[in-house]
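Colleague:
In the numbering used here, the protein residues as written are 402 to 601.
See the structure below:
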């Protein structure tokens with residue numbers, strides 16, 4: 402009976418140790434289910450224990466095709482590999498396989514998304530540059546502007562001349578009216594004088 406109890410205690414003691422000895426991923430770049438706005442320069446995975454040099458990973462696109470990466474480098478708890486070409490927008494999967502501290506082979510995978518903004522075409526600024534003919538137009542317009550400005554005073558002089566003519570016309574008509582009135586008065590005076598002479 403005591404042996405059975407000791408064996409059960411030993412099993413209970415060893416099971417947690419074996420469970421904690423298994424390696425598991427703790428951190429990654431890009432992170433699990435992360436959406437990045439630029440193509441990652443490398444893939445990096447960190448585990449809770451040291452991993453063997455034979456550990457590796459593969460990068461797959463949404464169609465399941467493998468994306469070429471540089472040689473995977475294992476350093477203690479971390480393994481990484483550079484991505485030499487820019488990744489197109491889409492969902493990518495990292496499938497990793499390691500040999501953990503307890504010499505057990507462990508596999509796993511996770512996904513991330515690339516959603517980089519589209520690049521603006523460099524041809525648009527070139528098409529917007531003015532042609533030689535269009536660039537000469539402002540010079541021509543600038544040359545003609547003084548002529549128009551010079552001609553405008555002459556045009557503005559016309560109303561002044563008309564105003565002077567109207568003023569002279571009013572003055573002459575006023576003078577004529579005065580002369581007529583004076584002549585009428587003189588005629589009345591002459592007629593009155595003649596009438597007085599006749600009465601005498």
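Where a beta carbon is used, it is the ideal one built from N, C-alpha and C, also for glycine.
1. Hey, how far is the Cα of residue 445 from the Cα of residue 500?
2. What are the start and end residues of the beta strand (DSSP E) that includes residue 509?
3. For residue 431, I'd like the list of residues in its chain whose CB is within less than 8 Å of its CB, leaving aside the five on either flank, ordered along the chain.
4. How would you label residue 576, buried or exposed, when you count the other beta carbons within 10 angstroms and need 16 or more for buried?
5. Just the Cα atoms here: how many angstroms apart are residue 478 and residue 491?
6. Buried or exposed: where does residue 578 fall if 16 or more other Cβ atoms within 10 Å of its Cβ makes it buried?
7. Please tell me whether residue 508 and residue 517 are closer than 7 Å, where the distance is taken between their beta carbons.
8. Given this structure, state the Cα-to-Cα distance separating residue 448 from residue 519, to the nearest angstrom.
9. With DSSP as the reference, label residue 483 as helix, strand or coil.
Modeller: Let's see:
1. 16 Å
2. 506-515
3. 437, 441, 444 and 513
4. exposed
5. 29 Å
6. exposed
7. no
8. 35 Å
9. strand
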